[in-house]
Ligand SMILES: Nc1ncnc2c1ncn2[C@@H]1O[C@H](COP(=O)(O)OP(=O)(O)OP(=O)(O)O)[C@@H](O)[C@H]1O
Ligand SMILES: [Mg+2]
């Protein structure tokens, strides 16, 4: 397969996004505020022994812990939300039909439709880490980047599958997708974004093991903050869990999406909204 | 004997949906509406086939079915020998749809950027795209306006862009759903000339849905008149109408109370 079509999507979405100049820049402003806010939160609680003890797995520093949590959970929201929002956007604009008459595979269309969101999110996450490192003294000196990138790639695939399932809902019901909402709220609650899962009651910890974000954040924190690599059992366990999750959900999500498009073609509702 | 490009066999579309919230007690009852009924159509290579009929007759539904955008509920069809249901990829590679749906572009992008995007989706190489875009812009007379945002175009300019997009890939079959809607008379004439001199003379086949009976009379080799989802009449204009004009024939056919559905 060539990358010609995916690249065309990326370019088109980049041009569309940057045509709204104000909003484009505004999206960076929020990063600064949330980083500063969590800096003060960690000033408040970071030196408490109980906090440091709960975070010992990741080196004990709350600010660097939460920085990675909020930065990388951006991928969760993008993975879950961007497929459905771009499909809905194309449906509303009426461009979905125009795409579907071209000899382009459905999987190419759905996967390509979110590239820009992921590229933009990577940029934002980079800025989070940069701000944390440069202005607030988070130490990434020992970071082991390769396993973190592997975890990131698997994370993107895992979250995307969920996002494609959510897009399938939107395709048929046009609005009100329960899946994305449920997964995103539960993931934030139990996945260890703002606090380590070790402080959760036992049953919530068990629940957290069902969500890919738990493994993503664990692997990324272990490799970026502790410098662990593929030799570390915890890291490989996380990566293996993400692989299993992706291998199952990605094909399933594409099948569901194909079904959703079929349904819309049956109803003649490809251009409805 | 001429080669058959489009063949439909009892092609039918019945839309069904749940009654839903409009009648809560019968929420799960199905309501159905048959937009296209049992169409048997044969179109040969190089033909211009006109689809006529009043609003709601089923022209767009039929066209979209043949473009894989709507699934038939019954019957089947082949396009360039490919099965509509089972060989969608090959069907799509053989067709272009030019509709009057102006929403089908990215309004915030320029005409050229839109064409670049769709050229990629049609599988044109970068090189071919660079060659082809100026050509199609020239054909539709939009070379000078290509850099302007789509949202700034007038109705007719948008329609010209739809034509330009449909011409990008040079497939075998062109489905045109009211392609002259909003075009000025000169542009209409140019389109007609273009269809004859560049498309059908080169073995391309055109299905043209239109409300303009003069247009149909002038350019179409054969026409089909639809009403209530049925094909009420079909044939060469001269054979259908005899000595009368197509317009008279059309009005008589549609107004016939007995045949009205
Ligand atoms: N998705 C749909 N669901 C239910 N009914 C539909 C749907 N699409 C079209 N119809 C109905 O099918 C009939 C045929 O519609 P269609 O758009 O094919 O007509 P048309 O001949 O193209 O009309 P026009 O000349 O106005 O463009 C109409 O009564 C329309 O309401
Ligand atoms: Mg129509």
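Residue numbers (this note's numbering), protein chains in the order written: chain A, 13 to 285; chain B, 2 to 262.
From the three backbone atoms N, C-alpha and C, an ideal C-beta is built for every residue, glycine too.
Outcome for residue i when other beta-carbon atoms lying within 10 angstroms are tallied against a minimum of 16
i                     : result
residue 54 (chain B)  : buried
residue 262 (chain B) : Because residue 262 (chain B) carries a pLDDT of 45, less than 50, the predicted location of this residue cannot be relied on, and the following value inherits that uncertainty. Per the 10 Å Cβ criterion, exposed.
residue 26 (chain B)  : exposed
residue 271 (chain A) : exposed
residue 38 (chain B)  : buried
residue 284 (chain A) : exposed
residue 237 (chain B) : exposed
residue 156 (chain A) : buried
residue 146 (chain A) : exposed
residue 84 (chain A)  : buried
residue 73 (chain B)  : buried
residue 198 (chain B) : exposed
residue 109 (chain A) : buried
residue 17 (chain B)  : exposed
residue 31 (chain B)  : exposed
residue 42 (chain A)  : exposed
residue 128 (chain A) : buried
Member of the options whose CA lies at the smallest distance from the CA of residue i
i                     : options                       : result
residue 218 (chain B) : B:94, B:243, B:135 and B:29   : B:243
residue 52 (chain B)  : B:209, B:248, B:231 and B:213 : B:209
residue 103 (chain B) : B:144, B:139 and B:165        : B:165
residue 97 (chain A)  : A:177, A:155, A:224 and A:226 : A:177
residue 120 (chain B) : B:100, B:205, B:171 and B:231 : B:171
residue 278 (chain A) : B:199, B:200, B:86 and B:29   : B:86
residue 17 (chain A)  : B:177, B:118, B:131 and B:169 : B:118
residue 45 (chain A)  : A:113, A:253 and A:139        : A:139
residue 57 (chain B)  : B:34, B:74, B:77 and B:44     : B:34
residue 89 (chain B)  : A:215, A:117 and A:67         : A:117
residue 204 (chain B) : B:136, B:142, B:159 and B:49  : B:49
residue 175 (chain A) : A:146, A:100 and A:154        : A:100
residue 81 (chain A)  : A:233, A:113, A:249 and A:152 : A:233
residue 102 (chain A) : B:107, B:100 and B:81         : B:107
residue 123 (chain B) : B:136, B:96 and B:207         : B:96
residue 220 (chain B) : B:234, B:199, B:194 and B:245 : B:194
residue 168 (chain A) : A:282, A:131 and A:212        : A:131
residue 1 (chain B)   : B:190, B:66 and B:207         : In the structure displayed, chain B extends from 2 to 262; residue 1 (chain B) sits before or after that span and is not available.
residue 109 (chain B) : A:107, A:39, A:127 and A:212  : A:107
residue 170 (chain A) : A:276, A:64, A:160 and A:225  : A:225
residue 8 (chain B)   : B:40, B:14 and B:253          : B:40
residue 137 (chain B) : B:71, B:227, B:115 and B:3    : B:115
Chain-ordered neighbours of residue i on chain B, where CB pairs are closer than 9 Å
i                     : result
residue 180 (chain A) : Ordered by position in chain B, no residue passes the 9 Å Cβ test against residue 180 (chain A), which lies about 17 Å from the chain.
residue 17 (chain A)  : 121, 122 and 124
residue 20 (chain A)  : 117, 118, 119, 120, 121 and 122
Chain-order list of residues whose beta-carbon lies under 6 Å from that of residue i (same chain, five-residue window excluded)
i                     : result
residue 221 (chain A) : none
residue 177 (chain B) : 99 and 209
Sequence-distant residues of its chain with Cβ nearer than 8 Å to residue i (five each side left out)
i                     : result
residue 111 (chain B) : 147, 148, 149, 150 and 151
residue 36 (chain A)  : 29 and 30
residue 51 (chain A)  : 75 and 148
residue 67 (chain A)  : 73, 74, 77 and 208
residue 219 (chain A) : 198 and 202
residue 229 (chain A) : 80, 81, 84, 85, 203, 204 and 205
residue 15 (chain A)  : none
residue 179 (chain B) : 100, 101, 210, 211 and 212
Proximal residues of chain B, C-beta to C-beta of residue i below 8 Å
i                     : result
residue 277 (chain A) : 69, 70, 71 and 72
residue 274 (chain A) : 72
residue 31 (chain A)  : 109 and 110
Any chain D beta carbon closer than 8 Å to residue i
i                     : result
residue 171 (chain B) : Considering every chain present, this structure includes no chain D. Its protein chains are A and B.
Contacts of residue i in chain A (Cβ-Cβ under 7 Å)
i                     : result
residue 124 (chain B) : 115
residue 234 (chain B) : Ordered by position in chain A, no residue passes the 7 Å Cβ test against residue 234 (chain B), which lies about 26 Å from the chain.
residue 94 (chain B)  : 115
residue 102 (chain B) : 106
Amino acids of chain A, ordered along the chain, whose beta-carbon sits closer than 9 Å to that of residue i
i                     : result
residue 18 (chain B)  : 279
residue 107 (chain B) : 24, 27, 28, 105 and 107
residue 98 (chain B)  : 109, 110 and 113
residue 133 (chain B) : Neighbours of residue 133 (chain B) on chain A: none; closest Cβ ~14 Å, over 9 Å.
Same chain, Cβ closer than 7 Å to residue i, neighbours up to 5 away in sequence not counted
i                     : result
residue 150 (chain A) : 75, 76, 79 and 144
residue 89 (chain A)  : 196
residue 71 (chain A)  : 237 and 238
residue 121 (chain A) : 111
residue 157 (chain B) : 183, 184, 185 and 188
Chain-ordered chain B contacts of residue i [CB-CB under 7 Å]
i                     : result
residue 111 (chain A) : 122
residue 282 (chain A) : 70
Partner residues on chain A for residue i, Cβ-Cβ distance less than 8 Å
i                     : result
residue 90 (chain B)  : 115 and 117
residue 161 (chain B) : Going along chain A, no residue has its Cβ under 8 Å from residue 161 (chain B), so there is no contact; the nearest lies around 16 Å.
Exercise. Whose beta carbon lies closer than 7 Å to any heavy atom of ligand 2, going through the chain in order?
Worked result: Cβ atoms closer than 7 Å to ligand 2 belong to B:60, B:61, B:178, B:179 and B:210.
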